[in-house]
Structure formats: structure tokens, C-alpha cells
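**Q** Below are the C-alpha cells for one structure; questions will follow.
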Amino acid sequence: MIETKRLRTYAIAALGATSFIFALSAVSSEVWWTSEKGSHGIWTIKMAEKRIALRIGEYRGYKGLEAVRGFQLTNTLILLAAGIFSLVKAVKGVDSRARGIGSAFAASFTFSVFTIGSISAIDPIKYLGKDFSYGPSYVLSALQMVSVLISAVLCFLP
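Below you can see the structure in the form of C-alpha cells.
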């Protein structure tokens with residue numbers, strides 16, 4: 001029984017750290033959308049090795065981008081705190097099913113859902129054209145959402 005709790009503690013810490021790495025990679029990269037013309041992040045656009053800063057007010061298709069930025073940054077900060085606490089508990093050998101850590105992971109999951117929902121409403125055709133596709137950052141954000149959900153569930157299991 002004790003070994004099961006210890007394994008669960010390590011799993012929560014590993015998933016929390018992985019979720020943070022995925023979220024940090026997604027928020028800092030320029031590949032939320034890609035096309036033959038270039039790639040597009042939530043902060044900049046990269047076209048022909050040239051970076052252009054995104055100005056939200058200059059194009060109607062970027063209306064929800066400030067929400068995406070806010071949700072993703074908040075999510076990343078929550079994951080940093082929850083990840084650190086769960087790693088400390090794992091190193092100390094303490095059962096990390098604490099409700100506070102589970103609540104932080106649940107909040108992170110909620111912000112992840114909001115991020116994915118908000119980013120789906122963004123229309124990047126101004127720079128990338130109509131033949132754009134979602135890039136690796138979108139996938140990382142979705143993977144982070146799944147791993148943080150698993151962490152939250154593990155924290156609340158008896």
C-alpha cells in the first residue's frame with residue numbers, strides 16, 4: 001500500500017513537471033500555426049526568417065489573442081507552483097495527494113480548456129493565408145491539458 005502511494009506521488013510529480021515543460025514550450029514558441037509562408041505564435045510571426053511582433057488591435061482576426069496569452073501565462077505559472085510543490089513532496093517522500101496541489105492542477109486544466117477554446121477562434125490568415133494548419137505548440141498545449149487532468153485525478157483518488 002505504501003509503495004502504491006509512493007508511486008502515485010512520483011507519477012503526480014512527473015506529470016506535473018512534464019505539464020509545465022509542455023506549457024512553457026507552447027507559450028514561448030512561434031509554431032501555434034504553420035503554413036508555407038511561415039509560422040505564427042501568440043507573441044510573434046516568423047516569415048522568411050524575419051520576426052514580426054503581433055499587435056492585437058491591427059487585425060480583427062486577433063481579437064481573442066489577448067485571452068489566449070492571459071490564459072496560457074496564468075496556466076504556466078500555476079503549473080510552475082504546483083510542479084515545484086509536487087516535486088518537493090516526491091523528493092521528501094511525502095504523499096502528494098494534497099488537495100491544494102490537486103486543486104492547482106484542476107485550475108490549470110480549466111485554463112488549458114480556455115486556452116484551446118480561445119485559440120481555436122483566432123484567424124491567422126492575414127499573415128499565413130488560408131492554407132494554415134495548427135502546429136506543434138497547439139499539440140503541446142493539448143498534451144499538457146491531458147497530463148494535468150491525469151495529475152489532478154491522481155491527487156483526488158483515495
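Last residue of the sequence shown? That's 158 in our numbering, and every number before it is there in order.
Each residue gets a CB set at the ideal place from its N, CA and C atoms; glycine is no exception.
What ranges does the alpha helix (DSSP H) occupy inside the stretch 57 to 96, keeping only unbroken runs of at least 4 residues that lie completely in it?
**A** As far as the stretch 57 to 96 is concerned, its whole alpha helix (DSSP H) runs of at least 4 residues are 65 to 92.
**Q** Return the CA-CA distance between Val153 and Gly83, expressed in angstroms with no decimal places.
**A** As a first step, residue 153 is located in the sequence shown; it is residue number 153 there, counting from the start. As a first step, residue 83 is located in the sequence shown; it is residue number 83 there, counting from the start. Cα to Cα, the separation comes out at about 15 Å.
**Q** Take every Cβ of the stretch 90 to 109, pair it with every Cβ of the stretch 44 to 60, and state whether three or more of those distances are shorter than 8 Å.
**A** Result no; under three Cβ-Cβ pairs closer than 8 Å.
**Q** Assign Ala121 to buried or exposed, taking buried as 16 or more other Cβ atoms, counted over all protein chains shown, within 10 Å of its Cβ.
**A** If you number the sequence shown from 1, residue 121 lands on position 121. Ala121 is exposed by the Cβ-count criterion.
**Q** Do you know how far the Cα of Glu3 is from the Cα of Val113?
**A** Within the sequence shown, numbered from 1, the residue matching residue 113 stands at position 113. Within the sequence shown, numbered from 1, the residue matching residue 3 stands at position 3. Rounded to whole angstroms, Val113 to Glu3 spans 33 Å at the Cα level.
**Q** To the nearest angstrom, how far is it from the Cα of Gly16 to the Cα of Ala81?
**A** By one-based count along the sequence shown, residue 16 stands at place 16. By one-based count along the sequence shown, residue 81 stands at place 81. Approximately 10 Å between the Cα atoms of the pair.
**Q** Can you tell me the Cα-Cα spacing of Arg99 and Ala13, whole angstroms?
**A** Walking along the sequence shown from the start, residue 99 turns up at place 99. Walking along the sequence shown from the start, residue 13 turns up at place 13. Arg99 and Ala13: Cα-Cα distance of roughly 14 Å.
**Q** Starting from Ile150, trace the alpha helix (DSSP H) both ways and give me its first and last residue.
**A** Here residue 150 corresponds to residue number 150 of the sequence shown, with the count starting at 1. Its alpha helix (DSSP H) spans residues Pro136 to Phe156.
**Q** Within 10 Å of its beta-carbon, does Ser86 have 16 or more other beta-carbons around it, so buried, or fewer, so exposed?
**A** Residue numbering aside, residue 86 sits at position 86 when the sequence shown is read from its first letter. By the neighbour-count rule (16 or more Cβ atoms within 10 Å), Ser86 is buried.
**Q** Roughly how many angstroms separate the alpha carbons of Lys130 and Glu30, rounded to a whole number?
**A** Locating residue 130 in the sequence shown gives position 130, where the first residue counts as 1. Locating residue 30 in the sequence shown gives position 30, where the first residue counts as 1. Roughly 18 Å between the two C-alpha positions.
**Q** Quick one: using the 10 Å Cβ neighbour count with 16 as the cut-off for buried, is Val94 buried or exposed?
**A** Taking the first residue of the sequence shown as 1, we reach residue 94 at position 94. With fewer than 16 other Cβ atoms within 10 Å, it is exposed.
**Q** I think Phe20 touches Leu79, with their Cβ atoms under 8 Å apart; what is that distance to the nearest whole Å?
**A** Sequence index remark: in the sequence shown, residue 20 carries index 20 (1-based). Sequence index remark: in the sequence shown, residue 79 carries index 79 (1-based). At roughly 4 Å, the Cβ-Cβ gap stays under 8 Å, so Phe20 and Leu79 are in contact.
**Q** Output yes or no for whether 8 Å exceeds the beta carbon distance between Lys37 and Tyr138.
**A** By one-based count along the sequence shown, residue 37 stands at place 37. By one-based count along the sequence shown, residue 138 stands at place 138. Cβ atoms of Lys37 and Tyr138: not closer than 8 Å.
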